[in-house]
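Novice: Dropping a structure here in structure tokens format, bear with me for questions.
Numbering (my numbering), first residue to last: 1 to 146.
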């Protein structure tokens, strides 16, 4: 919405951000499993939009024979809070990551979310596409068992 807005009165420039806490499994031949929690907030004209979610997926490493470039498809379930209502929704994401250092990645997150809040407000479920650009920082690394 920052670039395009929508057809519900939210103009380009509407702030929408997502924060993710992600666990990465052990690296195998093709990649590793990921699990995590996410928090999304959008400051809409009519009311604020908040979504708490959990996701799981798989990160493919060594994409295009370059270990610094990774692709991570994932599926998630969440709870949308809007206008005093809690509504369950599903999401599908495709995250493209590029290592800037051992602990920092540039992240491009493409996400489609089932917007059950729009069914509550307008009578029709919509699936909305979102694109997020951000930085992913590894806060710590768990030691493997000996």
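In this text, a Cβ means the ideal position worked out from N, Cα and C, and glycines have one as well.
1) Can you tell me the Cα-Cα spacing of residue 155 and residue 40, whole angstroms?
2) Write down the C-beta distance between residue 79 and residue 93 rounded to the nearest angstrom, noting that I regard them as a contact closer than 8 Å.
3) Let me know the secondary structure DSSP gives residue 140 once reduced to three states.
4) Suppose the cutoff is 8 Å on Cβ atoms and the five residues either side in sequence are ignored; what does the same chain contact list for residue 108 look like?
5) Quick one: residues in its chain with C-beta nearer than 6 Å to the C-beta of residue 49, no 5 flanking neighbours on either side, listed in chain order?
6) Counting only the same chain and skipping the five closest in sequence on each side, list residues whose C-beta sits under 7 Å from that of residue 63.
7) Of all the options 22, 123, 28, which has the alpha carbon lying nearest to the alpha carbon of residue 37?
8) Taking the straight line between their C-alpha atoms, what separation do you get for residue 75 and residue 121?
9) Is it buried or exposed for residue 25, if we count other Cβ within 10 angstroms and need 16 for buried?
10) Which one of 102, 53, 105 has the shortest CA to CA distance from residue 20?
11) Within 10 angstroms of the Cβ of residue 105, are there 16 or more other Cβ atoms? Answer buried if so, exposed if not.
12) Under a Cβ-count criterion, where at least 16 other Cβ atoms within 10 Å of its own Cβ denotes burial, should residue 57 be classed as buried or exposed?
13) Can you give the Cα-Cα distance for residue 135 and residue 102, rounded to whole angstroms?
14) Starting from residue 113, trace the beta strand (DSSP E) in both directions and tell me its first and last residue.
Specialist: Looking at the coordinates:
1) No statement about residue 155 is possible, as the shown extent of the chain runs from 1 to 146 and does not include it.
2) Taking a contact as a CB-CB distance under 8 Å, the pair residue 79 and residue 93 does not count as one, their CB atoms being some 17 Å apart.
3) Of the three classes helix, strand and coil, the one that applies to residue 140 here is coil, per DSSP.
4) 95, 96, 97, 131, 132, 133, listed in sequence order.
5) When the five nearest sequence neighbours on each side are left out, the beta carbons in the same chain lying within less than 6 Å of the beta carbon of residue 49 are those of 42, 82, in order along the chain.
6) So the list reads 69, 70, 71, once near-sequence residues are dropped.
7) The residue with the shortest Cα to Cα distance from residue 37 is 22.
8) So the alpha carbons of these two residues sit roughly 25 Å apart.
9) Of the other Cβ atoms in all chains shown, fewer than 16 fall within 10 Å of the Cβ of residue 25; this residue is therefore exposed.
10) Checked all of 102, 53, 105; the closest Cα to residue 20 is 53.
11) The residue is buried, with at least 16 neighbouring Cβ atoms inside 10 Å.
12) Sixteen is the threshold: when 16 or more other Cβ atoms of the shown chains lie within 10 Å of the Cβ of residue 57, as they do, the residue is buried.
13) The straight-line gap from Cα to Cα measures roughly 13 Å.
14) Counting along the chain, the beta strand (DSSP E) containing residue 113 begins and ends at 104 to 115.
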